[in-house]
Amino acid sequence: MNRCRSLLGFICLLFIFACQANGPVSRPSAVERTDASASASVQIPATPNQDPKSANSTPQSIPQTPQSTPPPPHQDAKSHQGQITGSFTSGLNIAWITFAADIGTGHPDLEALRTQFALLAGAGGTLARLWLHTDGTVTPEFTDNLVTSPGTYAIADLSKILDLAQSEGVRLMPTLWSFDMVRSELKKTSPGVVLRNHLLLTDSDATTAYLDKALTPMVNAVKNHPALYAWDIVNESEGMTATENWGQVAPADRITHLQIQTFINRVAGRIHKIAPKNLVTSGAVSFKYLSQRAGLDNFYSDAGLISAGGDPLGTLDFYEVHHYNQMGKEYSPFLHDVSYFAVDKPVLVGEFAMQEYLEHGVTAPRLLYAKLQANGYIGALGWKDGRMPALNLMLNSIIYLQFPADLGGDPLLCAHFAGGFGTPFYDGQTLYRMQTAASDQADKRQRCIVE
């Protein structure tokens with residue numbers, strides 16, 4: 002039976018709703034908040050973690066508004082950058098409720114989104130990252146392999162979600178595209194979608210059609226929305242290249258780094274032209290592609306993007322980096338402060354796996370966000386997808402930023418067993434380690450709960 006020991010009745014009700022929506026759960030970790038007036042904890046379900054780049058992450062399934070006057074120079078967006086550097090931004094990846102279909106069907110799952118927004122806000126977090134087109138199966142709309150509109154419901158759905166985020170006190174960073182747009186699994190089921198996506202990324206006319214017919218009307222519709230934090234252009238575009246290629250992209254479908262730079266430059270330039278106060282970024286898979294110190298070019302520098310695409314407005318306002326252990330400790334934002342990478346813009350850590358905390362130099366997942374804050378990054382968004390893996394761990398970590406206290410309480414927490422032993426693992430909804438080095442993982446009585 003799930004236990005909810007919180008004095009915060011509203012959050013408990015949300016927890017119960019989340020549990021009902023996700024089915025029966027085993028005993029979750031505790032989330033604890035301590036302040037001068039009250040001490041309470043709330044238990045929130047998590048589900049088994051899954052690599053966001055694995056094949057199993059894939060799913061089971063307006064006319065243009067012209068500018069009447071020339072836009073001002075792209076200086077407003079640069080000054081607007083102060084809004085993201087003044088304080089640490091904590092949040093999470095919603096990524097998706099339904100892969101590639103949260104926006105554009107006319108029926109966004111507002112209740113599921115409301116639950117996550119409310120839990121995030123209740124923990125003190127402020128930012129959610131949500132994927133938009135993703136792999137292009139739902140939006141935008143194409144005719145003869147060229148984009149003709151954002152899709153019948155895309156703008157309305159995005160507007161509803163932004164309104165919902167505002168009502169819950171959080172902001173949204175829509176991610177337009179992902180490396181999934183040319184991956185081999187998509188080509189097996191929808192070869193025509195991969196063909197048109199490849200053209201969109203590599204053919205100038207196809208890119209222009211997207212900018213004119215989809216991006217421009219979307220940006221014009223929501224550019225002044227108070228819940229819009231920034232536009233994220235492509236999730237881990239390096240996955241489409243021969244260098245990384247974790248999408249098992251066929252050789253003919255791979256995208257070069259120069260083509261990615263060109264696309265990002267043109268998209269960023271168009272957004273800055275019509276919405277100078279909107280912030281723009283793009284999620285790099287690793288500092289491997291952002292740091293001169295690492296011995297590689299910073300592919301997302303102003304000079305690199307402008308040289309590739311030719312648009313002087315097509316630069317990023319801040320960098321977004323992701324980190325997973327397989328990318329190597331030399332690129333870890335947890336093990337190196339931001340100055341180590343010699344970057345020339347603020348850096349948001351937009352994805353990381355909470356269960357990899359041992360490799361991140363901390364003794365518990367709840368310390369991860371504070372570690373990134375101490376290392377000089379402007380924000381942190383832990384990874385999860387529609388199955389809500391690691392949600393409770395992220396909320397713990399966000400709360401710890403404000404109320405850095407020991408969890409105590411539950412005698413099965415790993416904190417009572419020297420942090421636990423062995424590799425952390427999920428079982429059902431909970432992340433575990435073992436109580437002793439000699440414990441048998443199969444014996445549930447010898448497990449402890451990772452907080």
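The sequence shown lines up with residues 2 to 452 when you count with our numbering. Glycine included, every Cβ here is placed at the ideal spot set by N, Cα and C.
What would DSSP say about residue i, mapped onto helix, strand or coil?
i           : result
residue 130 : strand
residue 233 : strand
residue 123 : helix
residue 115 : helix
residue 100 : coil
residue 106 : coil
residue 145 : coil
residue 135 : strand
residue 414 : strand
residue 92  : strand
residue 58  : The predicted model places residue 58 with a pLDDT of 38, which falls under 50 and marks its position as unreliable; any figure quoted below should be read in that light. DSSP places residue 58 in helix when its eight states are reduced to three.
residue 206 : helix
residue 442 : coil
residue 228 : coil
residue 249 : coil
residue 371 : helix
residue 197 : helix
residue 376 : coil
residue 263 : helix
residue 362 : coil
residue 24  : Because residue 24 carries a pLDDT of 35, less than 50, the predicted location of this residue cannot be relied on, and the following value inherits that uncertainty. In the structure shown, residue 24 sits in coil (DSSP, three-state: anything other than H, G, I, E or B).
residue 65  : Bear in mind that the predicted position of residue 65 carries a pLDDT of just 28, short of 50, making it too unreliable to give a figure here.
residue 255 : coil
residue 269 : helix
residue 87  : coil
Check the DSSP bridge columns for residue i and list the partner residues they point to.
i           : result
residue 384 : Answer is none; residue 384 lacks a bridge partner.
residue 435 : 422 and 448
residue 323 : 352
residue 428 : 431
residue 150 : 142
Once you ignore the five residues that flank residue i on each side, which residues in its own chain have a CB closer than 7 Å to its CB?
i           : result
residue 289 : 295, 297, 328 and 332
residue 434 : 415, 421, 422, 423, 425, 449 and 451
residue 25  : Confidence in residue 25 is poor, its pLDDT being 28 and thus under 50, which makes the residue's placement unreliable; the coordinate value appears in the next sentence. Correct list: empty, nothing qualifies.
residue 150 : 63, 141, 142, 214 and 215
residue 127 : 90, 91, 92, 171 and 172
residue 124 : 396, 399 and 400
residue 83  : Its pLDDT being 42, under 50, residue 83 is placed unreliably by the model, and the measurement read from it follows with that caveat. Nothing meets the Cβ criterion.
residue 305 : 262, 298 and 299
residue 264 : 202 and 208
residue 258 : 242 and 300
residue 446 : none
Leaving out five residues before and five after residue i in sequence, what residues of the same chain have Cβ atoms less than 8 Å from its Cβ?
i           : result
residue 111 : 161, 162 and 165
residue 167 : 226, 227 and 228
residue 349 : 85, 90, 282, 319, 320, 321, 322, 378, 379, 380, 381 and 382
residue 71  : Note that residue 71 scores a pLDDT of 31, beneath 50, so its modelled location is shaky; the value from the coordinates is reported in the next line. Nothing meets the Cβ criterion.
residue 144 : none
residue 219 : 151, 155, 156 and 159
residue 417 : 449
From what residue to what residue does the alpha helix (DSSP H) around residue i run?
i           : result
residue 395 : 392-403
residue 160 : 155-169
residue 218 : 217-223
residue 187 : 185-190
Between which residues of its own chain and residue i is the CB-CB distance below 6 Å, once the five residues before and five after are set aside?
i           : result
residue 248 : 180, 184 and 240
residue 280 : 231 and 318
residue 243 : 255
residue 357 : 326
residue 360 : 326
residue 139 : 101, 102 and 105
residue 211 : 148 and 201
For residue i, report the span of its beta strand (DSSP E) as first-last.
i         : result
residue 1 : Lying outside 2 to 452, the shown extent of the chain, residue 1 is not represented and no answer is given.
At a Cβ threshold of 7 Å, is residue i touching chain C?
i           : result
residue 379 : Reference to chain C is not applicable here, since this structure consists of a single protein chain.
In chain order, which continuous runs of the beta strand (DSSP E) of length 3 or greater are located wholly inside the region 276-352?
281-285 and 320-324
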